[in-house]
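K.L.:
This is the structure I have questions about; it appears just below.
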Amino acid sequence: MKLSSVLVTGAAGFIGFHLAQKLCNLGFKVIGLDNINDYYDVKLKHSRLQILKSYPSFDFHKLDLTDRKGITSLFEEHGNIEYVVNLAAQAGVRYSLINPHSYLESNLHGFLNILEACRFHGVKHLLYASSSSVYGANRKIPFSVHDGVDHPISLYAASKKANELMAHTYSSLYGIPTTALRFFTVYGPYGRPDMALFIFTKAILEGTTIDVYNHGKMRRDFTYVDDIVEAMARLVGRPATSNGDWNPMEPDPATSFAPYRVYNIGNNQPVELIRFIEVIEEKTGKKAKKNFMPIQDGDVPETYANVDELIREIDFKPSTSIEVGIGKFVDWYKTYYK
74 MKLSSVLVTG AAGFIGFHLA QKLCNLGFKV IGLDNINDYY DVKLKHSRLQ
124 ILKSYPSFDF HKLDLTDRKG ITSLFEEHGN IEYVVNLAAQ AGVRYSLINP
174 HSYLESNLHG FLNILEACRF HGVKHLLYAS SSSVYGANRK IPFSVHDGVD
224 HPISLYAASK KANELMAHTY SSLYGIPTTA LRFFTVYGPY GRPDMALFIF
274 TKAILEGTTI DVYNHGKMRR DFTYVDDIVE AMARLVGRPA TSNGDWNPME
324 PDPATSFAPY RVYNIGNNQP VELIRFIEVI EEKTGKKAKK NFMPIQDGDV
374 PETYANVDEL IREIDFKPST SIEVGIGKFV DWYKTYYK
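Sequential numbering of the sequence shown, starting at 74, is according to my numbering.
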């Protein structure tokens, strides 16, 4: 039997690695794409790839999303890519304050190349990473996909909102089913070194000081990576559909007359940053040296996902507690870094 083929961009990245593994285990043929950039330690990316390359159904291509000819050639070479999951992007809210141009190149130009490839190669469904950061200045919580997101407070968030708008355009013009996935603070083994859990665990184990923004009062909907990929794997083969009840006089941002959908994927249970740190202390057996700081530009004080639409669509809700998830991360960290 011929395997269904899925292109996963950003396959050497944190979520892309876990998703590619999951899809291989489910019997998909996975084409992985990544440019292996040096935004963080490339050794970690190569470690993830080494694991993925042990799967006979995984095929890796080192390629940048902004390489238009390269993307076109990849689709032509494989000829039968049925599903695309776009996770390649320049990540990080804080980095967007330092290097804004990298966000436009990767997150907009790169995404346009993916949309065009989907258009000309009959892709059945495009899923792509959006972010909880699109909620920006919104204060109505939990954040709902049915609320407008027109007030981003970082360029990273703006680039993710732009992706949603671009996807809708292609769904509308060319009938390509597209699904936006708004991730809420994903963490877990093989996580990115620029993320809070990694930074805190490293510092606590080494006895160095951690910067605690907003004096630890930040609240985040921390979502374990296995929950994220479970939801994504269930959504891959469920192409977005049009909403027959969509009303242009009262337009619903989460659905459309076109085959277009938006979902939150979050734990639906915000945790205060100071509690998050306490759990890391419990799992490492060491106390943190804390440097309390004000909230940073571009950061939102709280994220909290309404996941009703996700439950309705795939009968699944992220539920891994931080006690379990952080425990698994700390075990991985100690093993990986010896």
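Every residue gets a Cβ at the ideal spot worked out from N, C-alpha and C, and that includes glycine.
(1) Considering only residues of the same chain and omitting the five flanking positions on each side of V335, which have a CB-CB separation below 6 Å?
(2) Where DSSP assigns a beta bridge to Y201, which residues make up the other side?
(3) For the pair the stretch 305 to 321 and the stretch 378 to 397, tell me if three or more CB-CB distances fall below 8 Å.
(4) Which runs of the alpha helix (DSSP H), 4 residues or longer, sit entirely within the stretch 85 to 122?
(5) In chain order, what residues of the same chain have a beta carbon less than 8 Å from the beta carbon of M366, not counting five sequence neighbours either side?
(6) Is Q123 buried or exposed, if buried means 16 or more other CB atoms sit within 10 Å of its CB?
(7) Under a three-way DSSP split, which group does Y416 fall into?
(8) Is the stretch 236 to 247 touching the stretch 189 to 205 in the sense that three or more CB pairs, one from each, lie closer than 8 Å?
(9) Spatial neighbours of K95 within its chain, please: C-beta separation below 6 Å, excluding the five flanking residues on both sides.
(10) Looking at C-alpha atoms only, which residue of L185, L125, M291, I350 is the closest neighbour of P374?
(11) Excluding sequence positions up to five away, which residues of its chain have a Cβ less than 8 Å from the Cβ of I338?
(12) CA-CA distance, D137 and G105?
(13) Apart from the five residues just before and just after T139, which ones in its own chain have a Cβ nearer than 8 Å to its Cβ?
(14) Which of the three DSSP states, helix, strand or coil, is assigned to T274?
(15) Output yes or no for whether 8 Å exceeds the beta carbon distance between V81 and V115.
(16) Indicate the three-state DSSP secondary structure (helix, strand or coil) for A378 in the structure shown.
(17) Have a look at Y112, P129, L160, P324 and flag the residue whose alpha-carbon is nearest the alpha-carbon of N172.
(18) In terms of alpha-carbon separation, which member of D220, T281, Y333 lies closest to V207?
(19) In angstroms, rounded to a whole number, what distance separates the CA positions of L228 and I88?
(20) Strictly by DSSP, which residues pair up with R311?
(21) In whole angstroms, what is the alpha-carbon distance linking I395 and T408?
(22) For H119 and F402, what's the separation of their Cα atoms in angstroms?
(23) Identify, in the order they occur along the chain, each residue of the same chain with its Cβ nearer than 6 Å to the Cβ of F133, setting aside the five sequence neighbours on each side.
P.N.:
To lay it out plainly:
(1) These residues qualify, in order along the chain: V218, A253, A327.
(2) Y201 is bridged by DSSP to N159, A253.
(3) Segments in contact, yes.
(4) With a minimum length of 4 residues, the continuous alpha helix (DSSP H) runs that stay inside the stretch 85 to 122 are 87 to 98.
(5) Within its own chain, the residues whose Cβ lies closer than 8 Å to the Cβ of M366, once the five positions on either side in sequence are excluded, are D284, V285, Y286, N287, H288, listed in chain order.
(6) Counting every other CB atom within 10 Å of its CB across the protein chains shown gives Q123 a total below 16, marking it as exposed.
(7) Because the chain is modelled from 74 through 411, residue 416 falls outside the range shown and cannot be assessed.
(8) Here the stretch 189 to 205 lies against the stretch 236 to 247, with 3 or more beta-carbon pairs under 8 Å apart.
(9) If the five residues before and after K95 are omitted, its C-beta is found closer than 6 Å to the C-beta atoms of V302, A306, all from its own chain and listed in chain order.
(10) When L185, L125, M291, I350 are compared, the shortest CA-CA separation from P374 is found for M291.
(11) Scanning its chain for C-beta atoms nearer than 8 Å, with the 5 sequence neighbours on each side dropped, one finds around I338 the residues L254, R255, F256, F257, T296, D300, I301, A304, M305, A378, V380, L383, P391, in chain order.
(12) Cα to Cα, the separation comes out at about 12 Å.
(13) Result list for T139: E178, S179, H182, G183, N186, in chain order.
(14) Shown here, T274 sits in a helix according to DSSP, grouped into three states.
(15) No, they are not a contact pair.
(16) Looking at A378 - three-state DSSP - the assignment turns out to be strand.
(17) Of Y112, P129, L160, P324, the residue nearest in Cα terms is Y112.
(18) The shortest C-alpha separation from V207 is found at D220.
(19) Going from the Cα of L228 to the Cα of I88 covers about 21 Å.
(20) DSSP, once it has assigned bridges, lists no residue as partnering R311.
(21) Taking C-alpha positions only, I395 is separated from T408 by approximately 19 Å.
(22) Linking H119 to F402 through their CA atoms gives a straight-line distance of about 19 Å.
(23) G105.
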